[in-house]
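Structure, as structure tokens:
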């Protein structure tokens, strides 16, 4: 089966077919190229997805990934990153082994095809030239034969005419002979040309064209084989990464199997265990006796030596009485204004000046009443995060529950020990370098390292003192951690009595915006200590959303806790509207928020909140 013998007369169709084959090859190259682009895009999206859900370094989110389920999730993200890498490998291999190779082959194929069809056209032109020569020789022979016949007829006519001279007859005879001679020459030329053409035609159709068509056939078959090999390579590239992708999936499955719910539950205990004992029974308060009523109205707890009730709402030994109430609710009660706001400067009130004499002071309400209001009412929510920004906690972590304090102190001791080890390694390295300098003075001056050794030694000594200090605190805490039972409660009470002053010293005094509401320092410090205990538990609470905007009509100097200063004409965000007490809660930015008198601002609530309202 050969194109040269079977398709000897299909030169044009073969030219179209081979061009179609090249087009198919280029189409396949385009298909593979688009596949590689998809793989690259998919790998990029997988990597971005994995990076998006990776925990941020040096953040609280990273600390939360100590649980086995979170570790498994991190392993899944890492495996997905490797999974994306395999898709990049697919793209790279397809590009190098298929796209690049086929592109180069197509260029070579086009050149080879062009050469073969150029030879074919050249052979066709040659046979056509031979055919034209044959036609020309044939027409000349035909013309000469006709001229010879006419000359012969003319001679015969002249010879038969008696009126024609002998000279004319002779001339006609010579002319006839000349024409016959020319016809014979044309006949010989035509015969020669015909033989030559037949030879060329035989060579053309049985030698040249079959040879050219055979080369074209081989070229086309190589193209077909090459595209088949490329398709096989296409499959092999995918198959090559399947084992690695399988390992990635096995890694995800193994990470899922490593999840230990019991271990996670234990980590939750270690993270949030306070070390406190549950509160004891609350004893009956007999309000029939005036003295007891007075005591219960003026304090949240009784003296250890003067009362048997021992109701201590801030006691760490008996635990908190409201462990499931959000921090914002507690701090809203403690810090939100509880007196009428000052009137605007334009009013006829004696307190026309901001922060000047304001409305009559309310009667000092007992702290127990405040606690009852806190437990039953829905106070304004105050962001507790803003109270912490005033300063860092104490160095001995005395603001934390015992168990959490022990963990923090142990962590600090471990960090200091690592730093000590690092300094000791540095000292050993400097000592070795000094010995080398002593043995080989040309390498350096040994005395130049003395000040470094002294400096490192001083650092080690400082760190050891720090370790000793924290270990002392750690020993103290470990010796005072409560155990279940009455004896443990008494020990916890002693621990509380010793540690309460250090916490109270970190607290700040609170008073209402006009100074009309104050409490005894011990009671205030106890409540603030309770609020501080909840800080770590709710520190990540999201801030309140804005419900509108407001414009300051007057300047207000909010110098007291819970209020915020504003300037006339300033635009701020409203996060809580007036609840009927004359105060509106606003925010300037993420770090500044507080209460201002409603009469000092013009409020515009969002339509999707509670409709547009204006307070003037």
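Numbering (the numbering used here), first residue to last: 49 to 664. Idealized CB from N, CA, C, for every residue including glycine. These numbers come from a predicted model, not from an experiment.
- Residue 262 and residue 50 have their C-alpha atoms spaced approximately 7 Å apart.
- Straight across, the Cα-Cα distance linking residue 620 with residue 636 is about 5 Å.
- Counting only runs of 4 or more residues that sit fully inside the region 204–236, no alpha helix (DSSP H) segment turns up.
- In the structure shown, the three-state DSSP call for residue 335 is coil.
- DSSP places residue 643 in the uninterrupted beta strand (DSSP E) bounded by 640–645.
- In the structure shown, the three-state DSSP call for residue 615 is coil.
- In chain order, 212, 216, 217, 220 place their CB closer than 7 Å to the CB of residue 206, counting only its own chain and leaving out the 5 sequence neighbours on each side.
- Rounded to whole angstroms, the separation of the alpha carbons of residue 91 and residue 131 is 8 Å.
- In the displayed model, residue 68 falls within a helix according to three-state DSSP.
- Here residue 593 is exposed: its Cβ has fewer than 16 other Cβ atoms, across all protein chains shown, within 10 Å.
- DSSP places residue 101 outside both helix and strand once states are collapsed to three, so it counts as coil.
- Residue 121 is classed as buried because its beta carbon has at least 16 other beta carbons within 10 Å across all chains shown.
- For the set 60, 194, 175, the Cα lying nearest the Cα of residue 253 is the one of 175.
- The alpha-carbon separation between residue 469 and residue 497 amounts to approximately 20 Å.
- Residue 595 sits in coil when the DSSP states are folded into three classes, being neither helix nor strand.
- Within the same chain, 154 come within 8 Å of residue 74 by CB-CB distance, once the 5 residues on both sides are set aside.
- Contact between residue 442 and residue 323 is absent: CB atoms are separated by about 17 Å, not below the 8 Å threshold.
- The region 249–331 contains, as complete alpha helix (DSSP H) runs of 4+ residues, the segments 257–305, 309–320 (chain order).
- In terms of Cβ geometry, residue 144 and residue 87 do not form a close pair [threshold 7 Å].
- The continuous beta strand (DSSP E) containing residue 653 extends over residues 649–653.
- The C-alpha of residue 465 is placed about 52 Å away from the C-alpha of residue 285.
- Taking 7 Å as the cut-off, the beta carbon of residue 56 is found closer than this to the beta carbon of residue 257.
- The alpha-carbon separation between residue 195 and residue 210 amounts to approximately 25 Å.
- The C-beta distance from residue 296 to residue 127 rounds to 5 Å, short enough to meet the 8 Å contact threshold.
- Here DSSP, grouped into helix, strand and coil, assigns residue 141 to helix.
- Here the alpha carbons of residue 239 and residue 230 stand approximately 14 Å from one another.
- Residue burial annotation: residue 100 is exposed, with fewer than 16 other C-beta atoms found within 10 angstroms of its C-beta.
- For residue 116, the secondary structure class from DSSP, reduced to helix, strand or coil, is helix.
- Around the beta carbon of residue 525, 16 or more other beta carbons lie within 10 angstroms, which makes this residue buried.
- Judged by beta-carbon spacing, residue 124 lies within the 7 Å limit of residue 300, meaning their Cβ atoms are closer than that value.
- A straight-line Cα-Cα distance of about 51 Å links residue 95 and residue 61.
- In this structure, the beta-carbon distance from residue 234 to residue 198 does not fall below 7 Å.
- Between the C-alpha atoms of residue 247 and residue 53 there is a straight-line separation of about 18 Å.
- Beta-bridge partners of residue 620 (DSSP): 598.
- Here residue 604 carries a strand assignment [DSSP, helix/strand/coil].
- Assigned with DSSP and collapsed to three states, residue 488 falls in coil, not helix or strand.
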